[in-house]
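Trainee:
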Amino acid sequence: MGMMDKAKGALNSDKGEQLSDKGLDKGEQFADQKTGGNHDAQIDKGRDFADDRIGRPGDGS
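Counting from 1, one number per residue, gives the positions in the sequence shown under UniProt numbering.
1) Confirm, please, whether the CB-CB distance from D51 to L24 is below 8 Å.
2) Assuming I54 contacts S20 (C-beta within less than 8 Å), just tell me the rounded distance between them.
3) In the DSSP assignment, the alpha helix (DSSP H) including I43 goes from what residue to what residue?
4) Assuming D40 and D32 form a contact by the criterion Cβ under 8 Å, report the distance between their Cβ atoms to the nearest whole angstrom.
5) By how many angstroms is the C-alpha of G27 removed from the C-alpha of S13?
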């Protein structure tokens, strides 16, 4: 298996999904802090969009 196939497999695993969700949650919190919560809806939408592109779609928080 190539390196990209291994990476995709890791992200599609349960542990990979949990790690990607954790990273996206941290990024969302960071963005909320930096904007003072003024763009909460847009940040949530961006987090959900990224989650659908990483790992298994629809499994995010």
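Beta carbons are placed, not taken as given, at the ideal position from N, Cα and C, and that holds for glycine.
Mentor: Put simply:
1) Translated into positions along the sequence shown, residue 24 becomes position 24. Translated into positions along the sequence shown, residue 51 becomes position 51. In this structure, L24 lies near D51, with their beta-carbon atoms less than 8 Å apart.
2) Indexing the sequence shown from 1 puts residue 54 at position 54. Indexing the sequence shown from 1 puts residue 20 at position 20. Right, the Cβ-Cβ distance comes to about 5 Å (below 8 Å), so this counts as a contact.
3) For this step, residue 43 is matched to residue 43 along the sequence shown. Judged by DSSP secondary structure, I43 falls within the alpha helix (DSSP H) whose first and last residues are D40 to R53.
4) As a position in the sequence shown, residue 40 is number 40, starting the count at 1. As a position in the sequence shown, residue 32 is number 32, starting the count at 1. Contact holds; Cβ gap of about 6 Å.
5) In the sequence shown, residue 13 corresponds to position 13, counting from 1. In the sequence shown, residue 27 corresponds to position 27, counting from 1. Approximately 21 Å between the Cα atoms of the pair.
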